[in-house]
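Structure first, commentary second.
2 protein chains.
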Amino acid sequence: MAIIVDKVQKKKDIALACKDLFVNNSLKDLTIAKIATNAGISKGSIYDYFQNKEEIVFELLRHMMLEHDEAKECKLKSVTTAKERVKIFAEFFYSDETKELREIYKDFISINLTAPNEHITSFQTECVNRYFNWMCNIIQEGIDKQEIIPKSIDIAKGLFALGEGMFISSSITNTIDDLQKELNQNIETIFSLIEVKK
Amino acid sequence: MAIIVDKVQKKKDIALACKDLFVNNSLKDLTIAKIATNAGISKGSIYDYFQNKEEIVFELLRHMMLEHDEAKECKLKSVTTAKERVKIFAEFFYSDETKELREIYKDFISINLTAPNEHITSFQTECVNRYFNWMCNIIQEGIDKQEIIPKSIDIAKGLFALGEGMFISSSITNTIDDLQKELNQNIETIFSLIEVKK
DNA sequence: TATAAATGACCAACAGTCGGTCATAAATGG
DNA sequence: CCATTTATGACCGACTGTTGGTCATTTATA
Chain B
9 MAIIVDKVQK KKDIALACKD LFVNNSLKDL TIAKIATNAG ISKGSIYDYF QNKEEIVFEL
69 LRHMMLEHDE AKECKLKSVT TAKERVKIFA EFFYSDETKE LREIYKDFIS INLTAPNEHI
129 TSFQTECVNR YFNWMCNIIQ EGIDKQEIIP KSIDIAKGLF ALGEGMFISS SITNTIDDLQ
189 KELNQNIETI FSLIEVKK
Chain Y
9 MAIIVDKVQK KKDIALACKD LFVNNSLKDL TIAKIATNAG ISKGSIYDYF QNKEEIVFEL
69 LRHMMLEHDE AKECKLKSVT TAKERVKIFA EFFYSDETKE LREIYKDFIS INLTAPNEHI
129 TSFQTECVNR YFNWMCNIIQ EGIDKQEIIP KSIDIAKGLF ALGEGMFISS SITNTIDDLQ
189 KELNQNIETI FSLIEVKK
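Protein chains in written order, with our numbering: chain B, 9 to 206; chain Y, 9 to 206.
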């Protein structure tokens, strides 16, 4: 009897329309009014689709991550060794292609640290868990192929956390001069320790 | 001609008076008015000492960290091996004694990720750099004592970042069941790789 | 015409400002 | 040495502008 909009699709449209806005502005400087204007709808309508500003960030992150994960999956297939794969994994934290995603990711971390939002984080929990598992699989494959020693599996999650920790540290304080260099050097060293000696 | 208050001391007093408030509330729920009431002064006076809410967090963090670092220094002296020292270092991320400090630390990370605040972060940069160096020294000492192999030094910063990354991940998403267990297991595994074989 | 979508005026809460008040230390003078 | 004046900085809270979020009303379409 009346138009029925696809709420799921519209949420996605609104979030993606604001991508540049979120990427180029600090979350604090962004107002609902600006976001609404940018998305070409009114302030009131924003609230028909999202409960607050934070939810828009989550929606945006969700879609950018899905896109990124597909690209990553492809790239991971293009190499064969566990070490190469781990390095590709670490690219998330410094490469140019993921610059925009990282900006949103920072907003996401920031939101969740200041104002934990139980019901929204489920997707992100899944997502990070998926990364942990992904890393575990890469390591396990390396073990199965006898590239690296069995106990490498014990530091699989740690490898991901190492990247995350360095990323946060270098974002917040300038305690790391060159994230890419530092990260890859750590990976090299760790692999020299876990590689099977022939 | 008039009373001159020790601004440095008063900043400290205000910040410390609000410790419980910051520890027990999410930063978002705290208003300047609440903070002022809690500190026993007026809203206007808050602005005589701080530019905004964020600065109070920084001030508070500064003092809690200094206190924590002294305690840590003591504790580090009580053990002898690099592995034990690294484990003590990692306690920051999960122990009961540092619970309050961690809450403020989370606020600090959150603030800096959403609204980088150039002129204030210098202390924190120093602080984190100090932690990095601290860890490097612990590792270097272990190398000098021939407990661990020379190239261990290449993952010293990584060891600290690993803790930070796991801490953030476990705070944000429940992707880590037991931070303490996981962290110590990673340290054990890494040390089993870098320990000098006799 | 019935109903969902979209709107923007509206409100309450908040951060941050500013003119005014007051206590006290210094200066003055008897 | 004490009484009085004066200068100053600490402190306050009313005020302003901005923002997040609501809701009665309007608009569009099937």
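Built from N, CA and C at the ideal position, the CB exists for glycine as well. Every value quoted in this text rests on a predicted model; they were computed, and no experiment measured them.
- Residue range A90 to A98 is occupied by the alpha helix (DSSP H) that includes B:A98.
- In this structure Y:K20 is not in contact with Y:E75, their Cβ atoms being roughly 12 Å apart against a cut-off of 8 Å.
- With respect to the C-alpha of B:L69, the residue from B:K80, B:R93 and B:L109 having the closest C-alpha is B:L109.
- CA-CA distance, B:E105 to Y:P158, rounds to 35 Å.
- Residue-level contact by beta carbon holds for B:V136 and chain Y, with a gap shorter than 8 Å.
- Using beta-carbon distances, B:D162 counts as an interface residue toward chain Y, with a partner under 8 Å.
- Residues K27, E108, L109 and I112 of the same chain have their beta carbon placed closer than 8 Å to that of B:M72, with the five preceding and five following residues left out of the count.
- Per DSSP, Y:C26 lies in no alpha helix (DSSP H) segment and is marked neither H nor E.
- B:S130 sits away from B:I147, with the two beta carbons spaced by 8 Å or more.
- Across the set Y:N194, Y:K61, Y:I180 and Y:F58, the C-alpha of Y:I180 shows the shortest separation from the C-alpha of B:I117.
- Y:S103 has a beta carbon lying at 8 Å or more from every beta carbon in chain B.
- Distance from the CA of B:N141 to the CA of Y:I119, rounded to the nearest whole angstrom, comes to 30 Å.
- Inclusion of Y:L170 and B:G150 in the CB contact set at 8 Å is not warranted, their separation being larger than that value.
- At a C-beta separation below 7 Å, Y:L201 has these neighbours in chain B: L201 and I202.
- Between B:I195 and B:A98, the C-beta gap is smaller than 8 Å, which places the two residues in contact.
- Secondary structure at B:I156: strand, using DSSP grouped into helix, strand and coil.
- Sequence-ordered contacts of the region 81 to 111 of chain Y with chain B are nonexistent [C-beta pairs closer than 7 Å].
- With contacts defined as CB atoms closer than 8 Å, B:K83 and B:I64 fail to qualify as a contacting pair.
- Residue burial annotation: B:Y57 is buried, with at least 16 other C-beta atoms found within 10 angstroms of its C-beta.
- Relative to Y:L187, the option among B:K165, B:K51 and B:K36 whose CA is nearest is B:K165.
- When 7 Å is used as the limit between beta carbons, B:M174 is near these residues of chain Y: A169, in chain order.
- In this structure, Y:A25 places its C-beta atom within 8 Å of the C-beta atom of Y:N46.
- Here B:F101 is near B:F175, since their CB atoms are less than 8 Å apart.
- Contact check for Y:E155 against Y:E92 fails: the beta carbons are separated by 8 Å or more.
- Rounded to the nearest whole angstrom, the C-alpha separation of Y:V136 and B:S177 is 8 Å.
- Using a CB distance cut-off of 8 Å, Y:K114 counts as an interface residue toward chain B.
- Look at B:L74: its C-beta is not under 8 Å from any C-beta on chain Y.
- Residues I146, L167 and I195 of the same chain have their beta carbon placed closer than 7 Å to that of Y:V94, with the five preceding and five following residues left out of the count.
- At the C-beta level, Y:L38 and Y:L29 come within 8 Å of one another.
- For Y:K114, the number of other beta carbons within 10 angstroms of its own is at least 16, and it is reported as buried.
- Going by beta carbons, B:I54 and B:I40 fall inside the 8 Å limit.
- Take the alpha-carbon of Y:Q193 and the one of Y:A90: they are about 15 Å apart.
- Residue pairing by DSSP places Y:E203 opposite Y:I156 in a beta bridge.
- With fewer than 16 other CB atoms across the displayed protein chains lying within 10 angstroms of its CB, Y:I12 is exposed.
- Distance between Y:A10 and Y:Q132, taken at the CA atoms: about 35 Å.
- Taking CB atoms only, Y:K159 has a neighbour in chain B less than 8 Å away.
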